[in-house]
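So the sequences go chain by chain: H and Z. According to my numbering, the residues represented by the first sequence are 1402 to 1532, in order. According to my numbering, the residues represented by the second sequence are 1021 to 1380, in order. Okay, so here's the structure we're looking at.
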Amino acid sequence: MSWSWSVWPISNLVMRSALHKPVTRLYPTERRTPYARTRGHIEFRIDNCNFCTICAHKCPTLAIQVNKQDKTWAIDHSRCILCSICVEDCREGCISLSPVPSPPMRAKEVLTFRQEYEAPPPRETVAVALP
Amino acid sequence: MSNTTIVPFGPQHPVLPEPIHLDLELDDERVVRALPSIGYVHRGLELLAERYDFIEMANVAERICGICSFIHGQGYCQGVEQLMGVEAPPRAAWLRTVWGEISRIQSHVLWLGLAADALGYESLFQHSWRIREMMVDIIEETTGGRVIFGVCKVGGIRKNVDDETLGRVRQRIGEIRVAFDEIATIFREDPTVRQRTVGVGLLSAADARALGAVGPVLRASGVVHDTRQLGYAAYGALEWEPIIEQDGDCYARCLVRVREVDQSFDLITQCLDRMPAGEIEVSVKGKRPTGEAMFRLEQPRGEVCYYISASGKKNLDRFRVRTPTFANIAPLIHMLGGCELADVPVIVLTIDPCVSCNER
Chain H
1402 MSWSWSVWPI SNLVMRSALH KPVTRLYPTE RRTPYARTRG HIEFRIDNCN FCTICAHKCP
1462 TLAIQVNKQD KTWAIDHSRC ILCSICVEDC REGCISLSPV PSPPMRAKEV LTFRQEYEAP
1522 PPRETVAVAL P
Chain Z
1021 MSNTTIVPFG PQHPVLPEPI HLDLELDDER VVRALPSIGY VHRGLELLAE RYDFIEMANV
1081 AERICGICSF IHGQGYCQGV EQLMGVEAPP RAAWLRTVWG EISRIQSHVL WLGLAADALG
1141 YESLFQHSWR IREMMVDIIE ETTGGRVIFG VCKVGGIRKN VDDETLGRVR QRIGEIRVAF
1201 DEIATIFRED PTVRQRTVGV GLLSAADARA LGAVGPVLRA SGVVHDTRQL GYAAYGALEW
1261 EPIIEQDGDC YARCLVRVRE VDQSFDLITQ CLDRMPAGEI EVSVKGKRPT GEAMFRLEQP
1321 RGEVCYYISA SGKKNLDRFR VRTPTFANIA PLIHMLGGCE LADVPVIVLT IDPCVSCNER
């Protein structure tokens, strides 16, 4: 069977690809823009957190640990499956899902946030006239 | 004394994406008998059903396989919904159908690339995966994930897709279809593909039925059987016919998948045209599954069966999956008998073996 190059069904596609700019990107210098819905990584802001522990209870992989006494909130990104249940259930809006993928982990680490201790405001002293 | 030689094939082999082992008994270069052994990637996912809440278990079910992840999640959720007497809202059912067909396209195109690789056709392999990447982008835009969709839940779906996004999906499906037509022409007409696949790994319709083949392997032997005909999700309302080929060889199995990709584009377009509005989930709060349910779905690789047993507790009593690869191993062993050693990788690949599914 003799076939010339022009009759191979893939010839046109190969020629077009050879003359076209590459389909792939020059990663990491050129990075793709993630879609708005892309599940990248979980972000946490401790400002409004009241340590209700709902996120820790709802997390299916137990990636989130919350300590009410110490006022700490911790996430183990290696356990997180980005299901975003914590995002949906957080009443204070402290947890959000970023579309940017988290960088590769060099070692297993647990990211811990701790709310700084705030001294209660001083009690107002009322001057009482002594008899 | 026989002159046969036993040659091990796999579990690590350049053509196998996943580990399956075959002991090939050879008479010169011809396979006399093949003996499979599996169990290299067993993870015990079924047992997790007894530990996890039945709602959380949908996440585990989706992780049975990386290629047909959504369909596993859908099968689990629909099985539990059947047990609880809950029906997902129409929009959820139709979106599940769209995602199921997107999943089928990316699985078939991935397989076509792997098949081209097994044939030694590297450029066709790369071009097939270029098209698959476009489908994966649609998955990412609509669900947020590229492999694990994470949108199916008991009672419906977790994320709605707005009409603007669906419009973009429709436009891109049209572009991908044009790109896929070029690849499909190569699979249909290229002499390299035909010479390696025509007349190789023959499976007659009677053997396919008797050995319990499912999916494209069964349909390529001329048997009209597609579980989507049961009409689950939105399939009952769509216009389509199962794709069949008559020859029962590797080429026919390849053509069935090529034609099924075309059909899936049609089904997605039909769904997008007739997408109902409304709610995407019904509440299952306070309800617990009770009893036994069997649910069947059509995966890209064939029919998958889910058996779910529950007794009103938050954990299921038993969750069992019969995957299409398991059903296709017996036909594979039959097809390997009498073939040339050089044809073994192509025949093994044409059942689209998903060992992770198979061993769970």
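Don't be surprised by glycine CBs; every beta carbon is placed ideally from N, CA and C.
- Under the Cβ criterion of 8 angstroms, W1409/H is counted among the residues facing chain Z.
- Per the C-alpha coordinates, the member of V1501/H, A1464/H, C1484/H and M1506/H positioned closest to F1169/Z is C1484/H.
- Within the region 1169 to 1183 of chain Z, those residues whose Cβ lies closer than 7 angstroms to any Cβ of chain H are, in chain order, G1170.
- In terms of Cα proximity to S1499/H, the closest of K1422/H, R1440/H and P1429/H is R1440/H.
- In the DSSP assignment, R1515/H falls within the unbroken beta strand (DSSP E) covering V1511 to R1515.
- Where H1442/H is concerned, there is no enclosing alpha helix (DSSP H), although the beta strand (DSSP E) around it starts and stops at H1442 to F1445.
- According to DSSP, L1044/Z shares a beta bridge with V1027/Z and A1054/Z.
- In the three-state reduction of the DSSP assignment, L1498/H falls in the strand class, which pools E and B.
- Distance from the CA of R1277/Z to the CA of G1140/Z, rounded to the nearest whole angstrom, comes to 19 angstroms.
- Using a CB distance cut-off of 8 angstroms, P1423/H does not count as an interface residue toward chain Z.
- Contact of V1415/H with chain Z is assigned, a C-beta pair being separated by under 8 angstroms.
- When Cβ-Cβ separations below 8 angstroms define contact, T1434/H makes no contact with chain Z.
- Secondary structure of L1317/Z (DSSP, three-state): strand.
- Taking a contact as a CB-CB distance under 8 angstroms, the pair A1138/Z and P1365/Z counts as one, their CB atoms being some 5 angstroms apart.
- Among the residues facing chain H, E1142/Z is not included, as its CB has no counterpart in that chain under 8 angstroms away.
- The three-state reading of DSSP puts S1284/Z in helix, counting H, G and I together.
- L1275/Z is positioned such that its CB atom lies closer than 8 angstroms to that of R1208/Z.
- Taking 7 angstroms as the cut-off between beta carbons, the residues of the region 1446 to 1476 of chain H near chain Z are P1461, in sequence order.
- Of all residues in the region 1185 to 1216 of chain Z, only E1202, T1205, I1206, E1209, D1210 and P1211 come within less than 7 angstroms of chain H when Cβ atoms are compared, listed by chain position.
- Rounded to whole angstroms, the gap between the alpha carbons of L1055/Z and L1042/Z is 5 angstroms.
- In the structure shown, S1143/Z falls within a helical segment according to DSSP collapsed to helix, strand and coil.
- Interface annotation, I1482/H: in contact with chain Z, CB-CB separation under 8 angstroms.
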